[in-house]
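These notes concern the structure reproduced below.
Protein chains in written order, with the working numbering: chain A, 1 to 325; chain B, 326 to 650.
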């Protein structure tokens, strides 16, 4: 067994965390030989519920769970953390406009960003899951001084997985046969799931599906999948979001397979003519805990337009909370 | 990759299943090289919610998930199943007496037992999780003709894990250092968590904790842990129950470690003077998919009394639904 690492999860009593924490504690994210200390953050009204989650974590007798800190104090929660999963966010309440939602979250992530900059491990890797994830990550990254903005990422892995799964179902393939899909932009309905570079069992995806399916079914299905799940379950995607969060960190650390890549929301360096500094989802390869944007992909007019639509939304989100950056 | 195996989960849209299914699909129960076909059973009113769960399972793009059948038809759900997790059960409704609850469940498990006897794999292994688990397992086993009653088990692994976790916390040890605890009897508040044979880091547990703690804290805590979790979370144990269900099947198939055992509710063969034919939780060792009761443990008067109290409850449960056996 390795030495334990500290993993922070915010919004720890919520539904996504309830699915995520048990898999994380069982060693599914970092490996069966990597013990973890879970540092669970909640707001005071949710602390009692969090106590119940802690009891259940204890009751699993996981050999990879070295300790649990359950707290409403963000300094304790982020202290020495190697991984931070920012799952907690303010959901849209009755009468809240989009701008109100952005601002309410901006305040949370301003505070949390400052604290984690001060107390987390120098090598911390941060994943923002709570929506609006890209802009919440932007705010978090903007508060970093000791740490680097590249250490903060936003989750589009759920969208990436959904895109793979749709292509696999359409072509009758295993999901493991589908490679090189891309989610560009925002984790929202403007995201652009791009299959121009994707392969299915080694063949170009464009050769096995038609343009009409891409435009009228594939793209809208991936964009609106979250709403579809809510319509069926009566509750938002929790288990699949938790699963994608673990995939995101695991791939970041263990690397992308040769010949494949993944999608991550990261600080734009201007690649593909996207506004510098936005948190934008790009195709990236990962190796030993580092990621790199896949460069020089050919972008046609169809893709360019869609990449700009989602970029535009991210610019508007940024401008709505510009006073807090 | 091996050939896929069919795993049935009943009550598939419920909370325990929502935590269990994603780990099962990710290969956590049967191994990362063992693809599964999930056969999910629900009652008609829950089929829409189950559709949402299926979407989320697809959205995870698990490489170990070969297929999903979601149905309200038990023949389809149990067909050729190698593993059956009977999670679904009728919860106690307003005004229901204990006898009403036993009878309502007896009807469900009578039907499901008959169907699985007819259509499941000859080697199927069945775990009953839905409460009252022991008596639901008794009814299921009583309907078998082609299959053997020994193929049906009831879950006391959650209690077993809880006992380990309490001892580990009390002695400041890792849960992996605690061995040979026993849950005797019913998965209910009469169960007897026995540490007379347990060891902590190789030393007798009785030498490191005192009798007063055992009687006034340990036993009641394990017995009533479910109620404590409900009081804190506002919801019953779901993630820890799902985790224990996977532990149960994994241990059954992969075996108990040398020098240790686990607890399983199984058909009594009269061992330890327990009434023949009851589904009673015993200490068992497992090897290659077979289990055996640990024999010849010394039982003192304290333990004997508690083993009989929980046996008596199981006799009463059996008698309450005797007309359906």
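We put the beta carbon where it would ideally sit given N, CA and C, even for glycine.
Around the beta carbon of residue 314 (chain A), 16 or more other beta carbons sit within 10 angstroms, so the residue counts as buried. Taking one beta carbon from each stretch, the region 565 to 575 of chain B and the region 67 to 77 of chain A have fewer than 3 pairs nearer than 8 Å; the two do not touch. In the three-state DSSP reduction, residue 40 (chain A) falls in the strand class (E or B).
Non-local C-beta neighbours of residue 88 (chain A) in its own chain, meaning closer than 6 Å and more than five positions away in sequence, comprise 10, 11 and 130, ordered along the chain. Look at the region 169 to 194 of chain A and you find these whole runs of beta strand (DSSP E), each 3 residues long or longer: 182 to 184 and 192 to 194. A buried status is given to residue 82 (chain A), since no fewer than 16 other beta-carbon atoms sit within 10 Å of its beta-carbon. Residue 456 (chain B) does not reach chain A, its nearest Cβ partner there being about 16 Å away, counting only Cβ pairs nearer than 8 Å. Residue-level contact check: residue 182 (chain A) does not touch chain B, since none of the beta carbons of chain B fall below 8 Å from its beta carbon. Under the three-pair Cβ rule at 8 Å, the region 516 to 523 of chain B counts as touching the region 477 to 491 of chain B. Between residue 602 (chain B) and residue 481 (chain B), the gap from beta carbon to beta carbon reaches 8 Å or more.
For residue 53 (chain A), the residues of chain B that pass the 7 Å Cβ criterion are 558, in the order they occur in the chain. Under DSSP, residue 283 (chain A) shares a beta bridge with A:263. Fully contained in the region 529 to 559 of chain B are the following alpha helix (DSSP H) runs of length 4 or more, in chain order: 530 to 533 and 544 to 558. Relative to the Cα of residue 449 (chain B), the nearest Cα in the group B:461, B:473, B:630 and B:631 belongs to B:473. Leaving aside the five residues that flank residue 201 (chain A) on each side, the residues in its chain whose CB is nearer than 7 Å to its CB run, in chain order, 173 and 177. Contacts between residue 330 (chain B) and chain A, judged by CB atoms closer than 7 Å, are missing: the closest CB pair is about 16 Å apart. Pairing residue 126 (chain A) with residue 142 (chain A), the inter-Cα distance amounts to about 13 Å. With distances taken between CA atoms, residue 61 (chain A) lies nearest to B:506 out of B:400, B:375 and B:506. Looking at A:199, A:25 and A:3, the one whose alpha-carbon comes closest to that of residue 259 (chain A) is A:199. Taking the C-beta atoms as reference points, residue 158 (chain A) is found no nearer than 8 Å to residue 132 (chain A). Residue pairing by DSSP puts residue 127 (chain A) in a beta bridge opposite A:85 and A:153. At the C-beta level, residue 224 (chain A) and residue 168 (chain A) stay beyond 8 Å of one another. Only those residues of the region 116 to 130 of chain A whose C-beta falls short of 9 Å from the nearest C-beta of chain B would be listed, and there are none. The beta carbon of residue 368 (chain B) lies closer than 8 Å to those of 397 and 413 in the same chain, with the five residues before and after it left out. Using a Cβ distance threshold of 8 Å, residue 341 (chain B) and residue 563 (chain B) count as a contacting pair. Annotation: the continuous beta strand (DSSP E) that includes residue 8 (chain A) extends over 5 to 10.
No Cβ-Cβ contact shorter than 8 Å links residue 85 (chain A) with residue 113 (chain A).
Contact of residue 553 (chain B) with chain A by beta-carbon distance below 7 Å involves 55. Residue 464 (chain B) places its beta carbon less than 8 Å from that of residue 435 (chain B).
Taking CB atoms only, residue 192 (chain A) has no neighbour in chain B less than 8 Å away. Of the residues assessed, residue 555 (chain B) falls on the exposed side of the cut-off, its CB having fewer than 16 other CB atoms within 10 angstroms.
When DSSP states are grouped into helix, strand and coil, residue 103 (chain A) belongs to the helix group.
For residue 67 (chain A), the enclosing beta strand (DSSP E) starts and ends at 65 to 71. Note on geometry: alpha-carbon atoms of residue 19 (chain A) and residue 13 (chain A) lie some 10 Å from one another. Per DSSP, residue 18 (chain A) lies in no beta strand (DSSP E); the unbroken alpha helix (DSSP H) holding it starts and ends at 15 to 25.
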